[in-house]
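Residue 271 in the working numbering is what sits at position 103 of the sequence shown, and the numbering runs on without skipping anything.
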Amino acid sequence: MAMTNEPGDRPVEHDPHPDYLPPRKPWAEPYWEALPDGKLLLQHCEQCNAFAYPPVDERCSVCKSPTSWREASGQARLWSWIVFHHEFFAGYPLPAPYTVLMLELAEGIRMLATLAGAEPADLACDAPMEFLSREVAPGVFIPGFAPA
Ligand SMILES: [Zn+2]
């Protein structure tokens, strides 16, 4: 949802899906709806056992079979990380510097998420990490991970 300031428009006070997040598509709704409940949902293919992240359009990207949603274990290993010292996304609610992680989930796929509850100096490659949902603005949730 884009914020508008045309004459006569009321300013948007609460945008549950601001522009700095990936586009919100109908087939990705279960993913977004689970985050406020502290859950990470992944699409899973019963045919080839592949998991998908980020959400894909209905069918498995490996074998094109239908997928269903499964709650992830929330367990991961830290693959790499980087500290963002500049604002790359307009309006992003985390002030720079903030840390972006590349994680390998226990489900065997990689995902990007933000660091929560720790400093970059606390991180080590292959360290166990644990998922948590982060409310970064009122009603706006993104995935985060903290050292386990
Ligand atoms: Zn598949």
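Note that CB positions come from ideal geometry on N, CA and C, so glycine has one too.
Determine the DSSP secondary structure at residue 197, reduced to helix, strand or coil. helix
Have a look at 278, 242, 264, 189 and flag the residue whose alpha-carbon is nearest the alpha-carbon of residue 313. 242
For chain D, check one thing: does any of its Cβ atoms lie closer than 8 angstroms to the Cβ of residue 198? No chain D is present in this structure, which holds just one protein chain.
For ligand 1, which residues have a Cβ under 5 angstroms from at least one heavy atom, in chain order? 213, 215, 216, 218, 228, 230, 231, 233
Assuming residue 311 and residue 246 form a contact by the criterion Cβ under 8 angstroms, report the distance between their Cβ atoms to the nearest whole angstrom. Going by Cβ atoms, the distance from residue 311 to residue 246 rounds to 14 angstroms, so no, they are not a contact pair.
Residues that residue 228 bridges to, as DSSP identifies them: Paired residues: none, contrary to the question.
Let me know if residue 257 comes out buried or exposed under the rule of 16 or more other beta-carbons within 10 Å of its beta-carbon. exposed
So residue 277 is in the beta strand (DSSP E); what residue range does that whole segment cover? First-last for residue 277: undefined, no H or E at that position.
Measuring alpha carbon to alpha carbon, tell me which residue in 283, 229, 235 is nearest residue 328. Outside the shown range of the chain, which is 169 to 316, sits residue 328, and nothing can be said about it.
Buried or exposed: residue 264, going by 16 or more other Cβ atoms within 10 Å of its Cβ? exposed
Where does residue 275 land, buried or exposed, given buried means 16+ other C-beta within 10 angstroms? buried
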